[in-house]
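If you're matching them up, the sequences are chains H and G in order.
For the first sequence, my numbering assigns the number 538 to the initial residue and increments by one for each residue that follows.
For the second sequence, my numbering assigns the number 101 to the initial residue and increments by one for each residue that follows.
The structure appears below as structure tokens.
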Amino acid sequence: MDIIDGLTAWIGLPEWLQSWVHTGSSTLILIVTITVPLMLAVAYLTFAERKLIGYMQARIGPNRVGPRGWLQPIADAVKLMFKEIILPTNANKFLFIIAPILSIGPALAAWAVIPFDDGLVLANVDASLLYILALTSVGVYGVIIAGWASNSKYAFLGAMRSAAQIVSYEIAMGFALVGVLMAAGSLNLHDIVTAQSGNFTDWYIWPLFPLFLVYFISGVAETNRAPFDVAEGESEIVAGFHVEYSGMTFAVFFLAEYANIILISTLTAIMFLGGWHPIWDVAPFNWIPNIVWLLGKIAFFAFFFLWFRATFPRYRYDQIMRLGWKILIPVTLVWIIVMGSAMFLTPYGDFFH
Amino acid sequence: MNFEQLLFFVFSGTLVFAATMVITIRNPVKAALFLVLAFFNAAALWLLLEAEFLAITLVLVYVGAVMVLFLFVVMMLDINLVKLREGFGEYLPIGGLVGVLLLMEMAIILSNDLFGLERMPEPAGHDAAYSNTRELGRLLYTFYVYPFEIAALILVVAIIAAISLTMRKRKTTKHQDPGEQIRVQAKDRLRIIKMPSERRP
Numbered sequence: 538m539d540i541i542d543g544l545t546a547w548i549g550l551p552e553w554l555q556s557w558v559h560t561g562s563s564t565l566i567l568i569v570t571i572t573v574p575l576m577l578a579v580a581y582l583t584f585a586e587r588k589l590i591g592y593m594q595a596r597i598g599p600n601r602v603g604p605r606g607w608l609q610p611i612a613d614a615v616k617l618m619f620k621e622i623i624l625p626t627n628a629n630k631f632l633f634i635i636a637p638i639l640s641i642g643p644a645l646a647a648w649a650v651i652p653f654d655d656g657l658v659l660a661n662v663d664a665s666l667l668y669i670l671a672l673t674s675v676g677v678y679g680v681i682i683a684g685w686a687s688n689s690k691y692a693f694l695g696a697m698r699s700a701a702q703i704v705s706y707e708i709a710m711g712f713a714l715v716g717v718l719m720a721a722g723s724l725n726l727h728d729i730v731t732a733q734s735g736n737f738t739d740w741y742i743w744p745l746f747p748l749f750l751v752y753f754i755s756g757v758a759e760t761n762r763a764p765f766d767v768a769e770g771e772s773e774i775v776a777g778f779h780v781e782y783s784g785m786t787f788a789v790f791f792l793a794e795y796a797n798i799i800l801i802s803t804l805t806a807i808m809f810l811g812g813w814h815p816i817w818d819v820a821p822f823n824w825i826p827n828i829v830w831l832l833g834k835i836a837f838f839a840f841f842f843l844w845f846r847a848t849f850p851r852y853r854y855d856q857i858m859r860l861g862w863k864i865l866i867p868v869t870l871v872w873i874i875v876m877g878s879a880m881f882l883t884p885y886g887d888f889f890h
Numbered sequence: 101m102n103f104e105q106l107l108f109f110v111f112s113g114t115l116v117f118a119a120t121m122v123i124t125i126r127n128p129v130k131a132a133l134f135l136v137l138a139f140f141n142a143a144a145l146w147l148l149l150e151a152e153f154l155a156i157t158l159v160l161v162y163v164g165a166v167m168v169l170f171l172f173v174v175m176m177l178d179i180n181l182v183k184l185r186e187g188f189g190e191y192l193p194i195g196g197l198v199g200v201l202l203l204m205e206m207a208i209i210l211s212n213d214l215f216g217l218e219r220m221p222e223p224a225g226h227d228a229a230y231s232n233t234r235e236l237g238r239l240l241y242t243f244y245v246y247p248f249e250i251a252a253l254i255l256v257v258a259i260i261a262a263i264s265l266t267m268r269k270r271k272t273t274k275h276q277d278p279g280e281q282i283r284v285q286a287k288d289r290l291r292i293i294k295m296p297s298e299r300r301p
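Shown next, in the form of structure tokens:
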């Protein structure tokens, strides 16, 4: 920071421009310190996925590039960067190129309000839960526009499936978050985490267990991961909405998908598993730094995403719609009513706080 | 001109541009996307007014849900662009009348003593601890609770009416009964026959 301030003063910029440069550059540095580790985590999540699914299927997985295959993600990135981006005939060029950006933009922008530790957050927004909900719902545009701009039947089918699926599961997801904000009494993610401070018994996973299940299932559906991956169902519509994409444009879709996996895992950890709080607030556990606890919880949920993919067969389309509308949404509604009545009509309201 | 004013002009300029493009651009999908851009800029303007709840809800509801369904429908329609532009002259008088009326009403409101700049001073700024969401919720669930509940009831009735008006049972629809699918056993679908081997003819 001081270096940049000194530099702008030395060049002789006017006073107001100096303050702009100061805020701009300090925010930019913070953004980079979040985004670069995130992108690395995404790269190694793809590696973890291939390795883990390999072991689950009794094979070894990638082990050629680097020691035990550890350089595989780097090799993949280099390969994708140097491949040609092919534009399909009669595709809408502008929308075709902008679709992957629309897909990764919200996935990264949501990280602005994620608290990593007490006070360690880029922007402590008051309505951060709403902000997260709004941004995750905007991510669907990348998929829809990609499907339409590709001028391909398979891509279009994938986009249509994805749009219907994401809009339906967003409702269940939103209702699950209503329970969280009722329990915490705040839309601020930092306040939600501090409301769960203490031991693991104070985490919201216990009083909000049905909502936790609904949230995580809808999170898997929102990221278009198996068993909800009808948007790209390989055996039916080749690769779905990104069938026409190649090279870096395809890689950006891939990055967005895995960034969303980590985002959903983080949000689940923050809202239901006490965020950065240790499992037990006594000596050997609270020696470990808070951020390590948060990262451990994120890794725990990210593992579930990979596990699901190796375990469950893909849902049929009508089964997806039935699960979303007829099971998950009624469960959340009933639990919100139970919570509200317990809080205001019975003396057991403390259970939910 | 301070930074806030600059932001205001950027957002409102983009808003007006996007709104104009919505009604002038030929491609319906692009028109819908320009409407999304217009919503985003309106949300940004609300953020400048410290109404963050309304701003984020606008993005959440209109951009995240309504416009997705809009795009969904527009993409599936096979719209004939030439036909769309046919009735321009026919609708011009009534459209023009509506436009002139709107313009007049806006002029009345903006020039009247009731809504002049002296009557409506700039709202006072709030400190950092002020929560727009909390204040809105408090007003909505205490002072305006009956209007709010009545509005909710009307919306529910509208949803049920829309569904019951448009839903028709078709005999050709292949309906699946999940309970029946789960109850099915292997012996219902599969028959294992034991038979002696036969010589090749």
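Each residue gets a CB set at the ideal place from its N, CA and C atoms; glycine is no exception.
Note that the structure is a prediction, hence the values are computed from the model and not measured.
Taking the alpha carbon of residue i as the point to measure from, which residue in the options has its own alpha carbon closest?
i: H/L639; options: H/F791, H/V650 and H/Q609; result: H/F791
i: H/N661; options: H/I597, H/D654, H/H727 and H/G642; result: H/H727
i: G/A118; options: G/A143, G/F109, G/F134 and G/F103; result: G/F134
i: H/V819; options: H/I807, H/F737 and H/F842; result: H/F737
i: G/F170; options: H/A646, H/A701 and H/M719; result: H/A701
i: H/F631; options: G/L290, G/V129, G/V284 and G/K274; result: G/V129
i: G/N102; options: H/L550, H/G549, H/L554 and H/L544; result: H/L554
i: H/A646; options: H/L577, H/G603 and H/A793; result: H/A793
i: H/I816; options: H/S802, H/G606 and H/G833; result: H/G833
i: H/R851; options: H/F619, H/D766 and H/S665; result: H/D766
i: H/L575; options: H/M880, H/T803 and H/V558; result: H/T803
i: G/H275; options: H/Y854, H/V558, H/M876 and H/G543; result: H/Y854
i: H/A721; options: H/F889, H/E552 and H/G543; result: H/F889
i: G/P278; options: H/G877, H/G543, H/H559 and H/K863; result: H/K863
Would you kindly check if the distance between the Cβ of residue j and the Cβ of residue i is under 8 Å?
i: H/A535; j: H/F778; result: Here chain H comprises residues numbered 538 to 890, so residue 535 of chain H is not present and cannot be evaluated.
i: H/T805; j: H/Y752; result: yes
i: H/A713; j: H/E781; result: no
i: H/S755; j: H/L865; result: yes
i: G/T233; j: H/L670; result: no
i: H/G716; j: H/W547; result: no
i: H/L589; j: H/L800; result: no
i: H/P625; j: H/S563; result: no
i: H/M593; j: H/A847; result: yes
i: H/I566; j: H/L659; result: no
i: H/L831; j: H/F584; result: no
i: H/I703; j: H/E769; result: no
i: H/V789; j: H/I641; result: yes
i: H/I634; j: H/T869; result: no
i: H/A796; j: H/V579; result: yes
i: G/E152; j: H/D663; result: yes
i: H/I798; j: H/L582; result: yes
i: G/V163; j: G/V136; result: yes
i: G/L145; j: G/L106; result: no
i: G/V256; j: H/I681; result: no
Could you name the residues that DSSP lists as bridge partners for residue i?
i: H/D654; result: H/L657
Quick one: does residue i have its CB under 8 Å from some CB of chain G?
i: H/Q651; result: The question names Gln, but residue 651 of chain H in the sequence shown is Ile. Cβ-Cβ to chain G under 8 Å: no for H/I651.
i: H/R859; result: yes
i: H/W685; result: yes
i: H/Y581; result: no
i: H/V868; result: no
i: H/I874; result: no
i: H/V704; result: yes
i: H/A664; result: yes
i: H/A671; result: yes
i: H/A647; result: no
i: H/A700; result: yes
i: H/L726; result: no
Is the shortest distance between the beta-carbon of residue i and the beta-carbons of chain H less than 8 Å?
i: G/M267; result: no
i: G/I156; result: yes
i: G/S231; result: yes
i: G/M175; result: yes
i: G/F172; result: yes
i: G/V110; result: no
i: G/L169; result: yes
i: G/L160; result: yes
i: G/A258; result: no
i: G/A144; result: no
Please confirm if residue i has its CB atom under 8 Å from at least one CB of chain A.
i: G/E152; result: Protein chains H and G are contained in the structure displayed, whereas chain A is not.
- Item | Given 8 Å, three or more beta-carbon pairs between the segment 660 to 679 of chain H and the segment 693 to 707 of chain H | yes
- Three or more C-beta pairs closer than 8 Å, one from the segment 727 to 742 of chain H and one from the segment 809 to 818 of chain H: is that the case here? yes
- Query: Given 8 Å as the limit, is there contact between the segment 816 to 833 of chain H and the segment 849 to 861 of chain H, that is, 3 or more CB pairs closer than that?
  - Reply: Note that the segment 816 to 833 of chain H does not touch the segment 849 to 861 of chain H; fewer than 3 beta-carbon pairs, one per stretch, sit closer than 8 Å.
- Query: Do the segment 759 to 779 of chain H and the segment 608 to 622 of chain H touch if we need at least three Cβ pairs shorter than 8 Å?
  - Reply: no
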